[in-house]
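Inspection log for the structure reproduced underneath, given as structure tokens.
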Amino acid sequence: MDYSIRAANVEDCKDISRMIMELAEYEKISEHVKITQRDLEQDGFSKNPFFHGIIAEVPEQHKTKDGHTKIGYALYFFSYSSWSGRAVFMEDLYVMPEFRGKGIGKALMSKVAQLGLAAGCHLLDFTVLDWNKSSLDFYHSQGCVDITANMGYHIMRCEGEALQHLAQP
Amino acid sequence: MKFKIRPATKEDCKEISRMIMELAVYEKMPDQVKITHEDLERDGFCQNPFFECLVAEVPEEHKSTEGFTVVGYGLYFYNYSTWEGRTVYLEDLYVMPEFRGNGIGKGLLSKVAQVGKKKRCVRLNLSVLDWNTPSRDFYAAKGARDLTDSEGWHFIRFDGQNLDNLANEAPED
Numbered sequence: 001m002d003y004s005i006r007a008a009n010v011e012d013c014k015d016i017s018r019m020i021m022e023l024a025e026y027e028k029i030s031e032h033v034k035i036t037q038r039d040l041e042q043d044g045f046s047k048n049p050f051f052h053g054i055i056a057e058v059p060e061q062h063k064t065k066d067g068h069t070k071i072g073y074a075l076y077f078f079s080y081s082s083w084s085g086r087a088v089f090m091e092d093l094y095v096m097p098e099f100r101g102k103g104i105g106k107a108l109m110s111k112v113a114q115l116g117l118a119a120g121c122h123l124l125d126f127t128v129l130d131w132n133k134s135s136l137d138f139y140h141s142q143g144c145v146d147i148t149a150n151m152g153y154h155i156m157r158c159e160g161e162a163l164q165h166l167a168q169p
Numbered sequence: 001m002k003f004k005i006r007p008a009t010k011e012d013c014k015e016i017s018r019m020i021m022e023l024a025v026y027e028k029m030p031d032q033v034k035i036t037h038e039d040l041e042r043d044g045f046c047q048n049p050f051f052e053c054l055v056a057e058v059p060e061e062h063k064s065t066e067g068f069t070v071v072g073y074g075l076y077f078y079n080y081s082t083w084e085g086r087t088v089y090l091e092d093l094y095v096m097p098e099f100r101g102n103g104i105g106k107g108l109l110s111k112v113a114q115v116g117k118k119k120r121c122v123r124l125n126l127s128v129l130d131w132n133t134p135s136r137d138f139y140a141a142k143g144a145r146d147l148t149d150s151e152g153w154h155f156i157r158f159d160g161q162n163l164d165n166l167a168n169e170a171p172e173d
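Residue numbers (UniProt numbering), protein chains in the order written: chain A, 1 to 169; chain B, 1 to 173.
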């Protein structure tokens, strides 16, 4: 199937927002999604964006039954390793179920890797839930390393009241 | 003990680089440190910096046995959660051993949280090694949740040849 991969623009935020919700439903945590299309527009397309996006699009003749031609996305930002330097973090990678198995997910991830290398990055990092076997298998087949399993890194988070309390002078 | 927490300047990069190595030694992985103070100068103080950094400084009369007055740092950058929005990620938090127990680590952590709050960040994320009980306890005492234990999140990484291979397979524009 024909598809194209391109940088996201502000007009794509409606579809990105739709697909974020679809991905959250797949990850069984859709009630956690608080941000809106407007937040994405402000945070991704202002002077100092918090993230960048790429979109996978199919031609009109392959659109979904709901009429969507934007059928996958990857959202990433630049990060930093105090050991390795510049890094890229892939926050989301998603392809609508009916378009899977055609290499679109792989193409999106490769594009993020390519953009990262072009920006001088040495690492591409992301997170995966331990029960998500199909994603883990996919990523392993591409040559990545699970640094939680191998090196024992745990992700920790401060939010809500705990974060408010911490931020007090 | 008196101390001051302030934004790092380009001139602090030599000290930050020294402390990055000290932290890597503590984490039992000193051979993993590949970047130099020049990389920090370039990447932290350019037009679109890859990170921001705070340093903790003590007065001359409290300098370390080797004569250092910059005795701790917190290195962080901004992330994005597609569920909740703006996030601050604390990449490193370190205080030289002889200066611990004086509230400097807590001071650095709070300042990072404050900076994040000003930028409307709703989360502060970090990672910690599973055997590093003092650090895990420190963060847990501040209200941090371990998402690996509680929700099963794993960090996955591509680097070196595997990253190159992946990038080479990207479709043409």
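Built from N, CA and C at the ideal position, the CB exists for glycine as well.
Interface criterion not met: the Cβ of residue 7 (chain B) is under 8 Å from no Cβ in chain A. Considered as a whole, the region 3-56 of chain B harbours 4-7 as its complete beta strand (DSSP E) runs of no fewer than 3 residues, in chain order. Around the C-beta of residue 1 (chain B), fewer than 16 other C-beta atoms lie within 10 Å, and the residue is accordingly described as exposed. Listed in chain order, the positions of the region 29-43 of chain B with a beta carbon within less than 7 Å of a beta carbon of chain A are 32, 33, 34, 35, 39 and 43. Taking the beta carbon of residue 128 (chain B) as reference, the chain A residues within 8 Å of it are 153, 154 and 156, listed in sequence order. Selection A:99, A:160, A:70 and A:86 evaluated against residue 53 (chain A) yields A:70 as nearest (Cα-Cα).
Closest in C-alpha terms to residue 150 (chain A), from the list B:149, B:65 and B:154, comes B:154. Residue contact with chain A for residue 54 (chain B): absent (no Cβ-Cβ distance below 8 Å to any residue of chain A). Boundaries around residue 24 (chain A) are those of the alpha helix (DSSP H), 13-26, since no beta strand (DSSP E) includes it. In this structure residue 127 (chain B) is buried. Its beta-carbon is surrounded by 16 or more other beta-carbon atoms within 10 angstroms. The continuous beta strand (DSSP E) containing residue 56 (chain A) extends over residues 52-57. Contacts with chain A at 8 Å (Cβ-Cβ) do not include residue 102 (chain B). Residues of chain A with a Cβ closer than 8 Å to the Cβ of residue 139 (chain B) are, in chain order, 156 and 158. 84, 85, 86, 89, 91 and 92: these are the residues of the region 84-99 of chain B whose beta carbon lies less than 8 Å from some beta carbon of chain A, given in chain order.
Beta bridge pairing from DSSP links residue 90 (chain A) with A:76. Inter-residue distance for residue 43 (chain B) and residue 63 (chain A) is about 42 Å (C-alpha atoms, whole angstroms).
The three-state reading of DSSP puts residue 159 (chain B) in strand, counting E and B together. Take the alpha-carbon of residue 89 (chain A) and the one of residue 61 (chain B): they are about 42 Å apart. For residue 109 (chain A), the three-state secondary structure derived from DSSP is helix.
The contact set of residue 106 (chain A) on chain B, defined by CB atoms closer than 9 Å, consists of 166 and 169 in chain order. Linking residue 72 (chain B) to residue 58 (chain B) through their CA atoms gives a straight-line distance of about 9 Å. From the listed residues A:102, A:122, A:154 and A:12, the smallest Cα separation to residue 125 (chain B) is found for A:154. For residue 104 (chain B), the enclosing alpha helix (DSSP H) stretches over residues 104-118. Sorting A:37, A:38 and A:23 by C-alpha distance to the C-alpha of residue 31 (chain A) places A:23 at the top. At a Cβ-Cβ threshold of 8 Å, residue 80 (chain A) and residue 74 (chain A) do not count as neighbours. Ranked by Cα distance from residue 76 (chain B), the options B:95, B:21, B:108 and B:64 are led by B:108. Classified as buried, residue 111 (chain B) has 16 or more neighbouring CB atoms from the shown chains inside 10 Å of its CB. Cβ atoms of residue 57 (chain A) and residue 6 (chain A) come within 8 Å of each other, at about 7 Å.
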